[in-house]
Every structure is written in C-alpha cells, then in structure tokens.
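Residue numbers (the working numbering): 50 to 352.
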C-alpha cells in the first residue's frame, strides 16, 4: 500500500482540494484557466528547461528510449484518429485526444513508485523518457495546435507559433545549456526548481475546480473512457510488443513498461484549458486513469 499512500493518494488529495474549492465557491473556472495559463507560460517551461539542462544524455539507453517514444507516437496517432472518427472530433480536438491517450504522468506518479519498488538505479530510463517526451511530444503538440489554428496564413502562423512556443524555447535553451557544458549553478537550480515544482499542484488544483463545475456530464459521452482504455490498456500492449520486437529484456525494462501503464498527465488538462478544447472530457480522462492506474501499474510490476 506504500505506493498508494506515497504517490497516488497525494495527487487525489490535491484534486479534491480544488474540487472542494470549486464546490464551495472559493475558486471558479476563470481562476482555473488563470492557473493553467501560469502553468503553460511559466511553470512548465521552467520544468522543461531544468530537465533538458540537467539530463545525462550520454547515459540514455537509446534503444529503450526509441521503443518507448515510438509506442507513444503510435498510440497518439491511432487514438487521435479513432477518436476523430468515433466522436466527430475536429483536428485540434483529435490532437489533444491523442496526447491525452499517450502522454503519461511519469515524474509525479510513476517515478516514485518505481524508486520505491526497484531503487534509484531504475529511475534513469524514466527520467530519460520524461525529458524526451516533454521535448518532443509535448512541444510538438503545442506547435501543431497553434499551426492548425492559423488556416489563413499557415507559413506565417507556423513561424510565429514556433518562435513564441514557451515549451520549445525552454527545451532548446536547456539542451543548449547542457551541450555547451555550462555550470548549472545553485541559484539557477533553485529558480528553475522552485518555479517548475509549481506546475503539478497548480494544474491539479485547476483540474479539481473544473471537475466541480462540469455539471456531471462530459462534452462527449464515452470519450473519457475511450481515452482511458487507450492509455491504460492499449499503450502498455503496444510498448510490450515493440520491446519484444527490439529484443529487449522485458524483466529489466519493467520500470519503463510501468510508465506505459501509467495515467494521463495533467499537462493534457493544461492544454485543454489553454486552447479551450474538450476541457471536461480531458479532466475526466485524467481522473479515471489516475484512479485505475494503481491497478495497471501493480499488474505490470508483479508480472
């Protein structure tokens, strides 16, 4: 039960705090939107910069990393396209649906469980995946969401979206900082860590507020459960298949497989609020996957 009390319960308590604040009228949706805007513009970029600047790139297992990112991209594309057909989603909604079905809550939920079960040595593959995921999948999603919105002048929109994307700027700056071998001094560590650590609690409070005001009915019936199934069932199976095809030792790569069985990340909620897309459905997807993932992660750990 330690993983539950150490990792999952605290997340639910923060969501519950936001839910209570929403129900009691202490916070409302405009406040939740402002919180998510803060996360999108400041907290997440600080987190991404810190990850990229400190990542031990030379120690990454590129084969395992390629398999895991490949599994995410496959689930991302398949879930997004299927949801577009089944639920009549627009292009931006399909992008967000794919993101919610593929992007996992690595750092704040799965990582503590893996360390508790296997020790700190097992953390490196997850740190590597979190770094690459945020640098590629999250940044790519925000860029594509901006590009699709600029129909009149796509080239101009593309350049502007790329040049002003906070996540892309943060990742590029962090990677350059890392590759140039610049010292990550204590003050910079404190600044980026202090600001980046605010991302998760702020997003979770906003999630609770949104759930409190959704009226109990998601935007599209069945969509949250479809995305939850893609995240918790399809994603681990795809990852396992690719691991087998790549000849990887499944027992040794179990921590990474636990990541595939983890819940949707709160960053999906940040994007939903930022772009005003399927807010209620994404909120419910995160809630469902977080609740059920204790079982899926445990199954993978014991398998």
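Just so you know, even glycine gets a beta-carbon here, dropped at the ideal spot from N, CA and C.
Keep in mind that this is a model prediction, so the values were computed, not measured.
With respect to residue 220, residue 90 sits apart: the two C-beta atoms are not nearer than 7 angstroms.
In the DSSP annotation of this structure, the continuous segment of the alpha helix (DSSP H) that includes residue 249 starts and ends at 248 to 261. For the alpha helix (DSSP H) assignment, the uninterrupted runs of no fewer than 4 residues enclosed by the segment 160 to 247 are, from N- to C-terminal side, 160 to 167, 173 to 182, 188 to 198, 203 to 212, 215 to 228 and 235 to 245. Contact between the segment 104 to 118 and the segment 137 to 155 is not established, with fewer than three Cβ pairs separated by less than 8 angstroms.
Of the candidates 232, 177, 317 and 80, the residue whose Cα lies closest to the Cα of residue 305 is 177. Contact annotation: residue 81 and residue 255 have beta-carbon atoms nearer than 7 angstroms. Spatial neighbours of residue 147 in its own chain (CB-CB distance under 7 angstroms, excluding positions within 5 residues in sequence) are listed in chain order as 125, 126, 128 and 129.
Given a length threshold of 4 residues, each whole run of the alpha helix (DSSP H) inside the segment 66 to 94 is given here in chain order: 78 to 87.
Along the segment 111 to 154, the alpha helix (DSSP H) occurs as fully enclosed runs of 4 or more residues at 111 to 136 and 140 to 151, listed in sequence order. Around the Cβ of residue 88, a 10 Å sphere holds 16 or more other Cβ atoms; the residue is buried. By the neighbour-count definition (other C-beta atoms within 10 Å, threshold 16), residue 282 is an exposed residue.
Cβ contact annotation for residue 156 (same chain, cutoff 6 angstroms, sequence separation greater than five): 179, in chain order. Counting along the chain, the unbroken alpha helix (DSSP H) around residue 287 starts and ends at 284 to 294.
By the Cβ-count criterion, residue 299 is exposed, with fewer than 16 other Cβ atoms from all chains shown falling within 10 Å of its own Cβ.
Looking at 252, 95, 296 and 271, the one whose alpha-carbon comes closest to that of residue 78 is 252. A distance below 7 angstroms separates the beta carbons of residue 322 and residue 85.
CA-to-CA, the gap between residue 349 and residue 209 works out to about 43 angstroms. A distance below 7 angstroms separates the beta carbons of residue 262 and residue 71. Per DSSP, the unbroken alpha helix (DSSP H) holding residue 323 starts and ends at 316 to 324. Closest in alpha carbon position to residue 248, among 73, 83 and 65, is 83.
As a beta-bridge residue in DSSP terms, residue 313 pairs with 153.
Straight-line spacing of the CA atoms in residue 344 and residue 296 works out to 27 angstroms. Sequence-distant Cβ neighbours of residue 242 in its own chain, meaning closer than 7 angstroms and more than five residues away, are 99.
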